[in-house]
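Structure first, commentary second.
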Ligand code: PMP
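Numbering (full-length UniProt numbering), first residue to last: 1 to 361.
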């Protein structure tokens with residue numbers, strides 16, 4: 001038997017074991033065709049059926065109405081940082097971006113290549129703790145073509161507990177929280193996500209786009225990033241990332257089998273609560289996010305004595321707890337606990353943290 005490993009990587013992140021086993025079983029012989037799903041035409045009837053089924057499963061899971069297109073695109077999350085303004089921001093137009101951490105900031109930097117991007121709210125710190133500026137203090141512009149925000153900041157561990165109110169199309173980068181909790185899709189103009197956390201392998205991005213927002217891409221928009229064109233072509237204007245799409249489909253089936261989003265949301269809440277409770281009750285570890293806005297997917301934490309960081313990481317690795325090193329911009333540790341991380345993984349992590357504290361306090 002191989003050693004039990006728990007992988008806390010922020011992305012590409014662990015995928016459900018059951019999914020990996022199905023993929024392994026079908027790897028060289030998909031549907032008894034004698035070849036892999038990655039070796040068949042995306043235009044063949046079997047692949048087209050798979051593609052439609054994956055889309056339908058995602059629609060079922062997130063309760064996405066026909067008012068929205070569901071696009072399977074290239075280029076990951078950052079591809080969408082550019083696609084959004086290319087499709088939504090008119091020449092000489094403006095858009096509002098809400099900054100809450102490093103990913104919304106990167107979206108802003110990319111957006112500024114295409115026009116005037118206003119900082120509607122800047123990153124906010126309260127008594128040394130990362131937080132979110134209340135919406136009543138945001139400076140939203142009447143002229144904004146859309147409002148962009150990142151509901152869960154993967155690096156900073158900051159998560160919104162509300163959906164911003166606006167009469168403009170609301171655009172959300174859900175790369176690290178999509179499918180982790182129930183959301184009302186009808187509140188959004190566009191939801192997008194890079195796949196490599198809660199969906200599947202990297203490279204793929206999902207864009208859920210309200211249909212009335214399509215069809216106004218700026219001239220010069222590359223065809224593969226044009227939402228309307230991709231929609232007309234069932235996301236197959238060019239060859240899509242077929243293997244990633246296949247794996248995403250398996251993940252959606254797995255999620256349905258778990259009982260859908262409400263069921264996984266309850267497990268995610270239990271995992272996050274266990275870890276934050278432990279951290280809050282310890283003098284050895286601490287988290288630097290205001291409790292209301294703590295991420296349930298990415299839990300950054302620091303050791304009080306940072307000189308122990310390297311020992312912590314190497315001892316964790318010895319017991320099969322991988323990729324706990326924090327992002328270089330924040331330091332310390334980060335446990336990413338996406339849908340595929342079982343409750344048992346967080347239990348083992350907490351036990352390890354407890355015994356490390358005993359040995360080093
Ligand atoms: N947005 C968020 C919230 C992310 O976490 C990431 C990746 N970690 C990205 C965007 C960028 O995704 P990609 O690397 O696929 O371009």
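The C-beta atom is built at its ideal place from N, Cα and C for all residues, glycine as well. Computed from a prediction, not measured in an experiment: that's the story for all the values here.
Just the C-alpha distance for residue 372 and residue 249, rounded to the nearest angstrom, thanks.
Nothing about residue 372 can be reported from this structure: the residues present for the chain run from 1 to 361 only.
Examine the Cβ distances between the segment 294-306 and the segment 266-284 and report whether three or more of them are shorter than 8 Å.
Yes, since at least three Cβ pairs between the segment 294-306 and the segment 266-284 fall closer than 8 Å, the two stretches touch.
So, for residue 253: in the same chain, excluding its five sequence neighbours on each side, which residues have a beta-carbon less than 7 Å away from its beta-carbon?
Locating residue 253 in the chain shown gives position 253, counting from the first residue. For residue 253, where only same-chain residues beyond five positions count, the Cβ hits under 7 Å are 57.
Could you round the C-beta distance between residue 94 and residue 10 to whole angstroms and report it? I think they count as a contact, below 8 Å.
Counting from 1 along the chain shown, the entry for residue 94 is found at position 94. Counting from 1 along the chain shown, the entry for residue 10 is found at position 10. Beta-carbon to beta-carbon, residue 94 and residue 10 are separated by about 32 Å, too far to satisfy the 8 Å threshold.
Per-residue DSSP class, three states only, for residue 80:
By 1-based counting over the chain shown, the position of residue 80 is 80. Helix at residue 80.
Within 10 angstroms of the Cβ of residue 345, are there 16 or more other Cβ atoms? Answer buried if so, exposed if not.
Residue 345 sits at position 345 when you count from the first residue of the chain shown. Counting the other CB atoms within 10 Å of its CB gives residue 345 a total of 16 or more, which places it among the buried residues.
With DSSP as the reference, label residue 190 as helix, strand or coil.
Taking the first residue of the chain shown as 1, we reach residue 190 at position 190. In the displayed model, residue 190 falls within a strand according to three-state DSSP.
Using DSSP's beta-bridge definition, name the partner residues of residue 159.
Taking the first residue of the chain shown as position 1, residue 159 is located at position 159. DSSP lists 152 as partners of residue 159.
Please go through the segment 260-312 and give each complete beta strand (DSSP E) segment of 3 or more residues, from N-terminal end onward.
Positions of the beta strand (DSSP E) runs, each at least 3 residues long and wholly inside the segment 260-312, are given as 298-303 in order along the chain.
Ligand 1 heavy atom lying under 7 Å from the CB of residue 83:
Position 83 of the chain shown holds residue 83. Set against 7 Å, the gap from the CB of residue 83 to the closest heavy atom of ligand 1 is not smaller.
In terms of residues, what are the limits of the alpha helix (DSSP H) holding residue 122?
One-based indexing of the chain shown puts residue 122 at position 122. Taken as a continuous stretch (DSSP letters only), residue 122 belongs to no alpha helix (DSSP H), as it is neither H nor E.
DSSP on residue 126, reduced to helix/strand/coil?
Taking the chain shown and counting its residues from 1, one reaches residue 126 at position 126. In the structure shown, residue 126 falls within a strand segment according to DSSP collapsed to helix, strand and coil.
Please tell me whether residue 51 and residue 214 are closer than 8 Å, where the distance is taken between their beta carbons.
One-based indexing of the chain shown puts residue 51 at position 51. One-based indexing of the chain shown puts residue 214 at position 214. Not in contact: residue 51 and residue 214 (Cβ atoms no closer than 8 Å).
Check each candidate in 341, 170 and 5 and name the one with the smallest Cα separation from residue 255.
Numbered from its first residue, the chain shown carries residue 255 at position 255. Nearest to residue 255 by alpha-carbon distance, out of 341, 170 and 5, is 341.
How should residue 44 be labelled, buried or exposed, when 16 other C-beta atoms within 10 angstroms of its C-beta is the threshold for buried?
In the chain shown, the residue the question calls residue 44 occupies position 44. That one is exposed.
What do you reckon, are the CB atoms on residue 209 and residue 61 nearer than 8 Å?
Against the chain shown, residue 209 aligns to sequence position 209. Against the chain shown, residue 61 aligns to sequence position 61. 8 Å or more divides the Cβ of residue 209 from the Cβ of residue 61.
For residue 99, I'd like the list of residues in its chain whose CB is within less than 7 Å of its CB, leaving aside the five on either flank, ordered along the chain.
Within the chain shown, numbered from 1, the residue matching residue 99 stands at position 99. Cβ neighbours of residue 99 beyond the five flanking positions: 105, 108, 119, 121, 122 and 123.
What did DSSP end up calling residue 422 once you bin it into helix, strand or coil?
Given a span of 1 to 361 for the chain in the structure shown, any question on residue 422 remains unanswerable.
If you follow the alpha helix (DSSP H) that residue 327 is in, where does it begin and where does it stop?
As a working note, residue 327 is residue 327 in the chain shown. Per DSSP, residue 327 belongs to no alpha helix (DSSP H) and is neither H nor E.
Does ligand 1 have a heavy atom nearer than 7 Å to the CB of residue 30?
Sequence index remark: in the chain shown, residue 30 carries index 30 (1-based). Answer for residue 30: no, Cβ out of range of ligand 1.
Give a single yes or no on whether residue 196 has its beta carbon closer than 7 Å to a heavy atom of ligand 1.
Looking up residue 196 in the chain shown gives position 196. Flag set: Cβ of residue 196 near ligand 1.
Buried or exposed (CB count within 10 angstroms, at least 16 for buried), residue 259
Position 259 of the chain shown, counted from the first residue, corresponds to residue 259. By the neighbour-count definition (other C-beta atoms within 10 Å, threshold 16), residue 259 is an exposed residue.
Among 76, 117, 78 and 84, which one has its Cα closest to the Cα of residue 92?
Here residue 92 is taken as the residue at index 92 of the chain shown, counted from 1. Among 76, 117, 78 and 84, the Cα nearest to that of residue 92 belongs to 117.
Helix, strand or coil at residue 171 according to DSSP, with G and I counted as helix
Here residue 171 refers to the residue found at position 171 of the chain shown. Shown here, residue 171 sits in a strand according to DSSP, grouped into three states.
DSSP three-state assignment for residue 74, whether helix, strand or coil
Here residue 74 refers to the residue found at position 74 of the chain shown. Three-state DSSP puts residue 74 in a strand.
Confirm, please, whether the CB-CB distance from residue 171 to residue 84 is below 8 Å.
Mapped onto the chain shown, residue 84 falls at position 84. Mapped onto the chain shown, residue 171 falls at position 171. Going by C-beta atoms, residue 84 is nearer than 8 Å to residue 171.
Let me know the secondary structure DSSP gives residue 319 once reduced to three states.
Locating residue 319 in the chain shown gives position 319, where the first residue counts as 1. Residue state for residue 319 is assigned as coil, using DSSP reduced to three classes.
Could you spell out the range, first to last residue, of the alpha helix (DSSP H) harbouring residue 46?
Within the chain shown, the letter at position 46 stands for residue 46. Here the alpha helix (DSSP H) through residue 46 covers 45-62.
Going by C-alpha to C-alpha distance, which of 12, 48 and 130 sits closest to residue 76?
Your numbering for residue 76 matches position 76 in the chain shown. Comparing Cα positions, the closest option is 12.
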